[in-house]
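The sequence shown lines up with residues 1 to 731 when you count with UniProt numbering.
Note that CB positions come from ideal geometry on N, CA and C, so glycine has one too.
Computed from a predicted model, the values in this text were never measured in an experiment.
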Amino acid sequence: METTHIEARGIPLLFRRDLEIAKLRFRGEPCYVVKDPLALKYYHLRPPQFRLLSYLDGKASPEQIKQWLSAEFPTIAIRVSDIRQLAADLHQKGLTTSTRKGQRTRLLWKRRKRIKEQLLRALASPLFMRSPAINPGVLVRIFAPLLGWMFTRTGACLAAFVIVSSWFEAAIRWDELSQTLPSLGTFFGWPNLIWLWMIIGCSKILHEMGHAVACEKVGRRCLGIGAALLVFSPTLYCDATDSWMSVNKWQRILVSASGIYVELLIGAIAMFVWSHTFPGTLHSIALNAAAISTVSTVIFNANPLIKFDGYYIFSDLIEVPNLQETSSRCLSRSAAWCLGFSLEKDVFSPKSGRHWFASYAVLSFIYRWFILAVILWTIHQVVLPYRVESATGIWATVVMAMMSWQLFRQGKSVVESRKPGQHNFRRLVISSVVVSLALVVLFFVPLRLHHRASVYVELQEPITIYTSTGGTVVSVQSKAGEMVRENDTILVLENPEIEDKLRLLVEQRDLTSSAIRTFESVGNHSKLAIMQKELLSLERRIREIKPLIDALSLRAPHSGVVYDGQFEPPAVHSVQKTLNWSGWLLDSRNEGAFLPAGTLVAKVSSTRQCEAILYVDQDVLEDIAIDQMVTIRLDAFPDIDLQGTVVDISASGVDEIAPIASQQFGGRLPTVAKRDGSQGSEVKLFQIAVAIDTTVPITPGMRGRAKLLLNERSMAAWGYRLLRNTFYFRF
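Structure representation (structure tokens):
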């Protein structure tokens with residue numbers, strides 16, 4: 001084919017000689033990192049792209065460059081149109097200069113366009129706003145002695161030991177930690193929110209300075225440090241992209257991971273401070289610092305699905321530069337194939353693993369928007385007490401609009417890049433059928449799921465015995481599981497204060513009776529009348545106090561079997577309640593313990609029939625009805641499935657959770673301790689009673705798990721229910 005005049009004309013672009021070049025290797029193949037020293041930007045170029053850049057001398061024509069590249073890369077089919085497109089892309093990146101006249105106007109227009117795009121990006125990202133960077137030299141010199149030791153072998157070993165030890169400390173004290181962590185409303189409420197802002201700001205400053213110090217350690221330069229607002233919290237940001245010029249990938253990974261490393265150490269130190277301090281301001285600050293440093297590191301920084309530290313670590317580990325761009329390109333081509341489009345051949349598309357890159361792009365897209373939705377929802381929860389009722393609708397609308405706009409732009413780029421006149425309707429029909437079937441399955445095919453709940457065994461309609469008078473346990477007359485008759489003594493208490501009061505009253509009565517007999521013998525009628533009134537008063541007071549003495553002996557109200565009333569762990573501490581007994585109250589080891597008035601001592605049942613008690617939230621309650629079948633597996637009989645039926649459903653939510661069901665007392669139900677020492681739940685729970693049909697010898701106090709079959713719902717309905725229960729909101 002004869003070369004046209006346009007193809008023979010030289011490309012009016014010149015390769016900038018001031019660019020800095022570093023040759024790296026990814027998966028055994030060379031890759032060039034090009035640094036623009038003026039704009040301080042970095043670009044990864046494949047060998048064909050870099051060779052094309054080096055050929056741009058203002059004279060070489062597209063046809064000549066095509067021949068040179070074809071001779072150098074014979075396995076790649078390169079067209080003249082590809083040459084022009086790649087040259088324009090390199091010029092757009094600022095890696096070339098033009099030989100044409102009038103470039104001043106063009107460069108000024110590009111600068112204004114770039115400023116406009118930066119402003120639009122800032123407005124579109126109100127959760128992360130940053131100021132222009134400054135020379136970091138002074139800050140690096142200040143923080144280098146503070147953080148530099150962490151990047152030595154000794155320092156790294158010491159830091160690793162502290163971090164791992166803090167994980168063991170958190171695991172050992174997990175029950176206390178989970179109880180101490182505040183609820184969401186408290187966590188993001190005043191004045192805790194001020195501490196959170198300060199903690200986030202300080203930890204992120206150290207995080208970014210960790211990047212800067214690590215960059216200096218590997219022989220590269222931190223390009224700039226600036227102020228930023230991260231979710232409205234003041235912090236710094238660090239430009240450590242100069243580490244991309246490092247040939248050793250482990251040095252690049254070190255720089256990327258240094259911020260995570262610093263935050264993990266901060267969280268570890270905070271964990272030990274929390275563990276070894278008494279409740280107070282420092283104790284609370286340490287807990288917040290441990291939670292924020294650990295959670296933010298895992299969810300944001302270490303996650304490869306969003307373009308933070310974890311993304312660059314993952315990119316270097318799998319040796320795929322421009323991972324996000326590569327995965328987006330693979331996803332676009334996969335979407336185009338499903339739509340029946342034929343795209344131009346991409347010479348830089350990966351040769352293998354394209355479906356993995358496409359999957360990464362989908363997961364990354366979902367996760368990014370999920371995190372944004374969670375952040376906006378959290379902000380909504382913070383402002384909710386201030387009666388901003390429309391906040392939920394606003395953030396939901398904003399998230400959906402931004403997501404739809406990005407999907408529209410992605411689809412538009414796919415449509416515009418297709419080959420004109422080439423369309424495979426067969427692939428489009430197949431894709432449409434598959435998507436339609438998936439939607440039908442998602443929204444219309446019913447699916448039944450099970451709900452599992454913790455359960456404990458309780459007597460069926462027992463009579464409870466409480467202490468009406470406080471006293472010290474003298475003796476336990478009836479042990480749990482023993483048969484008793486009506487009025488048999490179960491527990492004997494003593495109360496020296498009441499007994500002394502009774503003895504004093506009896507002595508006063510005897511003295512008064514003696515005085516009455518004396519006055520009668522001497523005929524002193526005036527004194528006699530006074531003493532008789534005093535005697536009547538004393539006898540009335542004795543009659544009032546005798547029931548309190550009788551109440552110190554707790555007796556069975558009817559014949560039946562005695563069961564323990566309540567279990568108290570050895571380590572129960574409450575602000576308003578201090579107990580000096582532990583375990584089951586009817587144990588003989590509790591003799592000598594003081595029982596306050598109102599203590600549940602025992603239960604007496606005329607039958608040995610037991611029932612299972614479980615707690616469910618309101619969503620599950622909608623699927624439960626009387627006589628519904630329930631499968632129960634007790635911990636004492638792990639291989640036996642017991643069958644039961646629902647016999648009672650509480651009409652309103654319960655205010656107090658039985659201690660035996662609480663996670664804090666060995667159960668499985670998460671609870672929070674109230675000020676009076678009782679256990680409650682952060683969500684509204686309802687109590688379900690289940691009659692158990694079994695010949696297995698079950699006793700009160702046994703624990704286990706129950707399985708209930710819920711109503712049919714579509715997969716979409718189940719997903720919405722899970723999302724709603726996770727974040728406690730309704731559209």
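Less than 7 angstroms between C-beta atoms, sequence neighbours within five positions excluded: which residues of the same chain meet that for residue i?
| i | result |
| --- | --- |
| Glu2 | Low confidence applies here, because Glu2 scores a pLDDT of 44, under 50, leaving its location unreliable; read the following figure in that light. Nothing listed; no residue qualifies. |
| Val575 | Summary for Val575: the model assigns pLDDT 37, below 50, so the residue's position carries little reliability, and this model does not support an answer. |
| Ala257 | Asp309 and Ile313 |
| residue 755 | With the chain covering only 1 through 731, there is no way to say anything about residue 755. |
| Met483 | Val561 |
| residue 733 | Beyond the ends of the chain as shown, which are 1 and 731, falls residue 733; an answer cannot be given. |
| Leu56 | Ile11, Leu13, Leu14, Phe15, Ala87 and Thr96 |
| Lys684 | Asp617, Gln618 and Gly653 |
| Asp693 | Gln643 and Gly644 |
| Gly719 | none |
Can you look up residue i in the DSSP assignment and give me helix, strand or coil?
| i | result |
| --- | --- |
| Ser81 | helix |
| His451 | strand |
| Gln618 | helix |
| Pro596 | coil |
| Asp639 | coil |
| Leu184 | Its pLDDT being 45, under 50, Leu184 is placed unreliably in this model, and the coordinates cannot settle the point. |
| Val218 | coil |
| Gln508 | helix |
| Ala228 | strand |
| Thr694 | coil |
| Thr154 | helix |
| Phe272 | helix |
| Asp239 | strand |
| Lys684 | coil |
| Leu175 | Correcting the residue identity first, residue 175 is Asp in this sequence and not Leu. Residue state, collapsed to three classes: helix. |
| Gln410 | helix |
| Leu428 | helix |
| Ser342 | strand |
| Glu462 | It is worth fixing the name first, because residue 462 is Pro in this sequence and not Glu. Coil at Pro462, not helix or strand. |
| Met245 | helix |
| Gln251 | helix |
| Ser605 | strand |
| Leu442 | helix |
| Met629 | strand |
Starting from the C-beta of residue i, find all residues in its chain whose C-beta is less than 6 angstroms away, skip the five residues before and the five after it, and write them out in chain order.
| i | result |
| --- | --- |
| Gly471 | Leu493, Glu494, Asn495 and Leu552 |
| Ser364 | Leu305 |
Taking the alpha carbon of residue i as the point to measure from, which residue in the options has its own alpha carbon closest?
| i | options | result |
| --- | --- | --- |
| Val320 | Leu282, Ala289, Ala335 and Tyr360 | Tyr360 |
| Pro446 | Leu535, Asn711, Thr241 and Asp635 | Asn711 |
| Leu714 | Ser652, Phe443 and Gln64 | The sequence shown places Ser at residue 714, not Leu. It is Phe443 whose Cα lies nearest to the Cα of Ser714. |
| Leu709 | His451, Val34, Val262 and Phe143 | His451 |
| Ala39 | Cys202, Asp239 and Leu723 | Asp239 |
| residue 734 | Ile253, Thr281 and Ser275 | In the structure as shown, the chain begins at 1 and stops at 731. Residue 734 is therefore absent and cannot be evaluated. |
| Ile613 | Val646, Thr645 and Ile688 | Ile688 |
| Ile624 | Ile375, Arg633 and Ala651 | Ala651 |
| Ser54 | Ile83, Lys41 and Asn301 | Ile83 |
| Asp617 | Leu554, Ser454, Leu504 and Gln508 | Ser454 |
| Val218 | Gln251, Arg153, Trp244 and Gly411 | Gln251 |
| Thr645 | Lys707, Gly259 and Leu229 | Lys707 |
| Gly267 | Cys157, Thr281, Val164 and His44 | Val164 |
| Glu682 | Leu586, Ser537 and Ser662 | Ser662 |
| Val601 | Leu554, Ser521 and Tyr615 | Leu554 |
| Lys412 | Leu536, Leu528, Ala336 and Asp242 | Ala336 |
| Leu669 | Leu642, Tyr615 and Phe637 | Tyr615 |
Which residues in the same chain have their Cβ closer than 8 angstroms to the Cβ of residue i, if we skip the five residues on either side of it in sequence?
| i | result |
| --- | --- |
| Ser98 | Pro12, Leu13, Leu14, His91 and Arg106 |
| Pro350 | Val320, Thr326, Cys330 and Phe357 |
| Ser605 | Leu459, Gln460, Glu461, Pro462, Ile463, Gly560, Val561 and Tyr563 |
| Ser334 | Arg354, His355 and Ala358 |
| Arg705 | Arg452, Ala453, Ser454, Val455, Ile632, Arg633 and Arg668 |
Regarding residue i and the ligand GDP, is the C-beta to nearest heavy atom distance less than 7 angstroms?
| i | result |
| --- | --- |
| Leu323 | For the ligand GDP, the structure offers nothing, since it holds no ligand at all. |
Every unbroken alpha helix (DSSP H) within the segment 24-103, with a cutoff of 4 residues, ordered by chain: 47-55, 62-72 and 80-92
Uninterrupted beta strand (DSSP E) stretches inside the segment 280-331 (no shorter than 3 residues): none
Completely contained beta strand (DSSP E) runs for the segment 519-559, where each covers 3 or more residues: 553-555
Contact the segment 528-542 vs the segment 420-438: 3+ CB pairs below 8 angstroms: no
Inter-stretch contact (C-beta, 8 angstroms, three-pair minimum) for the segment 138-147 and the segment 208-222: yes
Cβ contact check for the segment 67-80 and the segment 44-54: 3 or more pairs under 8 angstroms: yes
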